Amino acid sequence: MEQPRERSGEHVRDERWYRFLLEHAAQAWVIVRPETWEIVEASAAAAELLGLSELKGLVLSGFRRLYKLLQRESGQGAVRAETVLALPDGRTQTVDAQARLVTFDGTHYLWVLLLEPVNERGLTERLVLTDRLALLGQLLVGIAHEIRNPLAAIQLNLHLVRQSLPEDSECASFVQMALAGTERIAELIETTLSFARPTAQLVQLHDIHTILEGALGLLRTMLYNRNIVLQRQYASELPPVYGDARQLQQVFINLLSNAVDAIEGEGTITIQTAQEHAGATRFVVVSIEDTGKGIAPEDLARIFEPFFTRKPHGTGLGLAIARRIVIQHRGELLLHSTPGAGTRCLVRLPAAEERS
2 MEQPRERSGE HVRDERWYRF LLEHAAQAWV IVRPETWEIV EASAAAAELL
52 GLSELKGLVL SGFRRLYKLL QRESGQGAVR AETVLALPDG RTQTVDAQAR
102 LVTFDGTHYL WVLLLEPVNE RGLTERLVLT DRLALLGQLL VGIAHEIRNP
152 LAAIQLNLHL VRQSLPEDSE CASFVQMALA GTERIAELIE TTLSFARPTA
202 QLVQLHDIHT ILEGALGLLR TMLYNRNIVL QRQYASELPP VYGDARQLQQ
252 VFINLLSNAV DAIEGEGTIT IQTAQEHAGA TRFVVVSIED TGKGIAPEDL
302 ARIFEPFFTR KPHGTGLGLA IARRIVIQHR GELLLHSTPG AGTRCLVRLP
352 AAEERS
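Counting from 2, one number per residue, gives the positions in the sequence shown under this note's numbering.
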């Protein structure tokens, strides 16, 4: 990096400590200068991951994609995406990376954590994993169907027992707890089925605001009971989107439910819609932002993994289902989060006339 100018001893100590952390980091970090895409600092682990002896001073324009994703969010939080790096030895390497903006010595830089290379072997492993997940999905569907019938019988009998007991009896409270447990199991079965089995799409033209209002209508009681302020900032004259209304509504129900769960006490959820252009392509963009507790960087890297959750009673399937639906609609779902400051979810869907 640039030679330090005269400054306080505290600042000099901070700079040396920062360099020390980078040089000795076990993780693969690089610090990139935006616009020129020059690597100004890098850890040894990053060079090893890319198969190079030295990274400092290299210009790798592949980091532009990560920077642009951050720019869309005004530089807030972190993003995770794959990007392609053209290396000086002639190789091209696709890497899975997480990025955020940092400020050092009054200058903004792109901080990138290289998570793993995506090579031919990695792609083969992903295909194998996909096949295994498909088999797992079939197994889950079979198990869920086998559980459904006896569970329904248990619930019916518990309801009958509950009705025969006095309201204030201790046994009635025990039966009620058992019923709550069966309802939880039934909910988990339905969630698992919706993730595991393919769903046919009823594709039609839809106004995104109508779909959003449908989701909000189903969550109205939850929002009211939690004393959460809802702010709508809808763009006018948005183009329609092609899609399955029920599935798209499920995406927004899942994202809004997560936003509600993230808010402790009073808070605000802001829903914005906009139109975006990427070359000749138009997108309808929905942003859902909460003032909740945010997501830790280590959790953000795994946030879309099936069954990954930090909620005591969560299934870990809500975001996985939402992402799958958005991808099926040829869209993109991104999460940006700052611990302690909240989370922003972005859903980008191609405008109807652009979808072919």
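Glycine included, every Cβ here is placed at the ideal spot set by N, Cα and C.
In this text the structure is predicted, and so the values were computed from the model without any measurement.
Check, Outcome
"Within 9 Å, strictly: CB atoms of residue 274 and residue 258", "no"
"Beta-carbon proximity check, residue 278 vs residue 244, cutoff 9 Å", "no"
"Sequence-distant residues of its chain with Cβ nearer than 6 Å to residue 59 (five each side left out)", "40"
"8 Å contact criterion, which residue 85 and residue 70 should meet: CB distance rounded", "Rounded, the Cβ-Cβ distance is 14 Å, inconsistent with contact."
"Anticipated Cβ contact below 8 Å, residue 338 with residue 272, distance rounded", "Their Cβ separation, rounded to whole angstroms, is 17 Å, which puts residue 338 and residue 272 out of contact at 8 Å."
"Cβ-based neighbour list, residue 353, same chain, cut-off 7 Å, excluding 5 preceding and 5 following", "206, 240, 241, 242, 243"
"Run of the alpha helix (DSSP H) containing residue 300, from where it starts to where it stops", "298-301"
"Local Cβ density within 10 Å of residue 216, reported as buried at 16 or more and exposed below that", "buried"
"Close beta carbons around residue 333, own chain, < 8 Å, minus the five adjacent residues each side", "327, 347, 348, 349"
"Sequence ranges, beta strand (DSSP E) only - wholly within the region 222-286, length at least 3", "229-234, 242-245, 268-279"
"Assigned secondary structure, residue 338 (DSSP; H/G/I helix, E/B strand, else coil)", "strand"
"Residue 220 CB to nearest heavy atom of the ligand FMN below 8 Å", "Annotation note on the ligand FMN: not contained in the displayed structure, which lists no ligands."
"Nearest to residue 290 (by Cα), restricted to the options 232, 143, 248, 321", "232"
"Residue interval of the beta strand (DSSP E) (run including residue 343)", "343-351"
"Reference residue 101, options 91, 107, 114, closest by Cα", "114"
"Nonlocal neighbours in the same chain, by C-beta distance under 8 Å from residue 173, ignoring five residues either side", "163, 166, 167"
"When 35, 221, 64, 29 are compared against residue 45, the one with the closest alpha-carbon", "29"
"Proximity below 9 Å, CB of residue 336 to CB of residue 320", "yes"
"Close beta carbons around residue 210, own chain, < 6 Å, minus the five adjacent residues each side", "235"
"Cross-strand partners of residue 110 (DSSP beta bridge)", "103"
"Exposure of residue 351, with buried meaning 16 or more beta-carbon neighbours within 10 Å", "buried"
"Residue nearest to residue 52 in terms of C-alpha spacing, selected from 37, 72, 91, 63", "91"
"Where residue 310 falls: helix, strand or coil (DSSP)", "coil"
"Cβ shell of residue 63 (< 6 Å), same chain only, five flanking positions each side left out", "84, 85, 86"
"Residue 194 versus residue 188 - alpha carbon distance", "10 Å"
"Alpha-carbon spacing of residue 302 relative to residue 343, whole angstroms", "16 Å"
"Buried versus exposed, by CB contacts within 10 Å (16 or more), residue 304", "buried"
"Neighbour-count burial assignment, residue 32, 16 or more Cβ in a 10 Å radius", "buried"
"Among 220, 300, 276, 341, nearest to residue 265 - alpha-carbon criterion", "341"
"One or two residues paired with residue 207 in a DSSP bridge", "242"
"Counted within 10 angstroms of its Cβ, other Cβ atoms place residue 68 as buried (16 or more) or exposed", "buried"
"Same chain, Cβ closer than 8 Å to residue 89, neighbours up to 5 away in sequence not counted", "53, 59"
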